[in-house]
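S.K.: Everything in the sequence shown is counted per the working numbering, starting at 51 for the first residue and increasing by one.
Starting off with a structure, shown below.
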Amino acid sequence: MPTFIVLLGPPGVGKGTQARILSETNKLAHISSGDLFRENIKNQTELGKQVKAILDKGELVPDDLTISMIRDRLTKPDCVTGAILDGFPRTPAQANALETMLAEFGGEVNAVPYISAAESILVERASGRWTCKAQGHIYHEKFNPPQQAGVCDIDGSEIYQREDDKVETVSKRIRVYLDQTMPLVEHYRKAGKLIEIDGTKPVEEVTKDLLAALNK
Ligand code: ADP
Ligand code: ADP
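Here you go:
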C-alpha cells in the first residue's frame, strides 16, 4: 500500500524544509503545490498565466485548477510508493477531492503532521526566506544562509526572494490560512490522523520529532 503524508501548517512554518528531508529519508515523492504553481509561472504555461496574479496577492488559487494540477502530479511514476503533500490540501473541498483521488490509487491519507508556530516566527521566517530559481531549494538569510550569498549550494542557481514573501503579503497569507485551511486541522483530528509538531524548534529537532511521530 502506498503511503501518503499531508503536511499541514501556516505559511513560513517550515513545511517545505521538512518535506524535502522526509521525502529523502522515507523515499516518498515530494509534492509541493506552491512549487508546482511557481514552475508553471516560470515556464509561462497557460496555468502559470492564470495563477500568477493570485500568488502575488497571497490569495488561494481556485480549487478546480489546484485539484487538477495535483491529480496530474499524483499519476507520475514516482508516486507509486506514496508521497508527501506539502501545501495541498488547503481547503475542505481539496481535502475531499484528495480522499477520492487516493482511493482511486488504492491509498489514503495515512498521517497528517500539523506543524505550528506563533505568528511573529512565521513572519520572520517567511520574510527572510530565499528560494532557489532552478529547483526551489530553501534558504533563510539568518537561520540557513547559503555558503555564497545569492547562490544555491545544491545546484548553483540564483536564489531570489519570492514576491509573496514581503511582510504585508505574508500577513495576508496567514489570514487566508486561518480562514480557509484551519478547518482541515479539526477535520484530520476527528479522523484520528493529526500529529501536532512544535515548529518553533530548530530544523533538526523538528525533523527528529516528525520522524519519531511518524514511525509510531
Ligand atoms: P513553508 O513551506 O511552511 O512556507 P519553509 O520550509 O519554506 O516553510 O521555511 C520558511 C523559512 O523558514 C525558510 O527561509 C526556511 O529556511 C526557514 N526555516 C524552516 N524551518 C525552520 C526552523 N525550524 N528554524 C528556523 N528557520 C526555519
Ligand atoms: P507557503 O509554503 O509559504 O505556505 P506555498 O508555496 O505553499 O507557500 O504557496 C504559495 C502560494 O501558492 C499560495 O499563497 C497560493 O496562492 C498558492 N497555492 C499553493 N498551494 C495551494 C493550494 N493547495 N490551493 C490554492 N492555492 C495554493
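For every residue, glycine included, the Cβ atom is placed at its ideal position computed from N, Cα and C.
In this text the structure is predicted, and so the values were computed from the model without any measurement.
For the candidate residues 162, 109, 75, whose alpha-carbon lies nearest to that of residue 239?
M.R.: Position 189 of the sequence shown, counted from the start, is the residue given in the question as residue 239. Out of 162, 109, 75, 162 has the C-alpha closest to the C-alpha of residue 239.
S.K.: With respect to 7 Å, is the separation between the Cβ of residue 252 and the closest non-hydrogen atom of ligand 1 below this value?
M.R.: Numbered from its first residue, the sequence shown carries residue 252 at position 202. It does: the Cβ of residue 252 is within 7 Å (strictly closer) of some heavy atom of ligand 1.
S.K.: Looking at the unbroken beta strand (DSSP E) that takes in residue 160, where does it start and where does it end?
M.R.: Residue numbering aside, residue 160 sits at position 110 when the sequence shown is read from its first letter. From DSSP, the beta strand (DSSP E) with residue 160 extends over 159 to 166.
S.K.: Within 10 Å of its beta-carbon, does residue 210 have 16 or more other beta-carbons around it, so buried, or fewer, so exposed?
M.R.: Residue 210 sits at position 160 when you count from the first residue of the sequence shown. Counting Cβ neighbours within 10 Å, residue 210 comes out exposed, since fewer than 16 surround it.
S.K.: Tell me, which residues are paired with residue 220 by DSSP?
M.R.: Along the sequence shown, read from residue 1 onward, the residue named residue 220 stands at position 170. Answer is none; residue 220 lacks a bridge partner.
S.K.: Quick check on the DSSP output: the beta strand (DSSP E) that includes residue 264 runs from which residue to which?
M.R.: Taking the first residue of the sequence shown as position 1, residue 264 is located at position 214. Counting along the chain, residue 264 falls outside any beta strand (DSSP E), though it belongs to the alpha helix (DSSP H) covering 253 to 264.
S.K.: CA-CA distance, residue 109 and residue 173?
M.R.: Here residue 109 refers to the residue found at position 59 of the sequence shown. Here residue 173 refers to the residue found at position 123 of the sequence shown. Taking the straight line from one Cα to the other gives about 16 Å.
S.K.: Determine the direct distance from the alpha carbon of residue 260 to that of residue 266, and round the result to whole angstroms.
M.R.: Taking the sequence shown and counting its residues from 1, the one referred to as residue 266 is at position 216. Taking the sequence shown and counting its residues from 1, the one referred to as residue 260 is at position 210. Roughly 10 Å between the two C-alpha positions.
S.K.: CB-CB under 6 Å to residue 135, same chain, minus the five flanking residues each way: which ones, in chain order?
M.R.: Looking up residue 135 in the sequence shown gives position 85. The residues are 56, 81.
S.K.: Measuring from the CB of residue 116, is there a heavy atom of ligand 2 at a distance below 7 Å?
M.R.: Position 66 of the sequence shown, counting from 1, holds the residue named residue 116. Yes, the Cβ of residue 116 comes within 7 Å of a heavy atom of ligand 2.
S.K.: Check for me: the alpha helix (DSSP H) holding residue 237 runs from which residue to which?
M.R.: Mapped onto the sequence shown, residue 237 falls at position 187. Counting along the chain, the alpha helix (DSSP H) containing residue 237 begins and ends at 232 to 240.
S.K.: In angstroms, rounded to a whole number, what distance separates the CA positions of residue 208 and residue 62?
M.R.: The sequence position of residue 208 within the sequence shown is 158, counting from 1. The sequence position of residue 62 within the sequence shown is 12, counting from 1. Their Cα atoms are separated by approximately 21 Å.
S.K.: Taking 7 Å as the cut-off, is the CB of residue 104 close to at least one heavy atom of ligand 2?
M.R.: Position 54 of the sequence shown, counting from 1, holds the residue named residue 104. Yes.
S.K.: Tell me whether residue 109, by its Cβ, gets closer than 7 Å to a heavy atom of ligand 2.
M.R.: Taking the sequence shown and counting its residues from 1, the one referred to as residue 109 is at position 59. Flag set: Cβ of residue 109 near ligand 2.
S.K.: Taking 7 Å as the cut-off, does the CB of residue 214 come closer than this to any heavy atom belonging to ligand 2?
M.R.: Residue 214 sits at position 164 when you count from the first residue of the sequence shown. Correct: residue 214 has its Cβ closer than 7 Å to ligand 2.
S.K.: Would you call residue 225 buried or exposed, if buried means 16 or more other Cβ atoms sit within 10 Å of its Cβ?
M.R.: Numbered from 1 along the sequence shown, position 175 holds the residue referred to as residue 225. When all chains shown are included, residue 225 counts as exposed.
S.K.: Mapping the DSSP letters down to three states, classify residue 194 as helix, strand or coil.
M.R.: The residue given as residue 194 occupies position 144 in the sequence shown. Strand, per DSSP.
S.K.: Mapping DSSP to helix, strand and coil, what is residue 228?
M.R.: Taking the first residue of the sequence shown as position 1, residue 228 is located at position 178. Reduced to three states, the DSSP call for residue 228 is helix.
S.K.: Over the uninterrupted beta strand (DSSP E) stretch that includes residue 177, give me the two end residues.
M.R.: Here the question's residue 177 lines up with position 127 in the sequence shown. No beta strand (DSSP E) contains residue 177, which is instead part of the alpha helix (DSSP H) from 169 to 177.
S.K.: CA-CA distance, residue 179 and residue 88?
M.R.: Here residue 179 corresponds to residue number 129 of the sequence shown, with the count starting at 1. Here residue 88 corresponds to residue number 38 of the sequence shown, with the count starting at 1. Whole-angstrom Cα-Cα distance: 15 Å.
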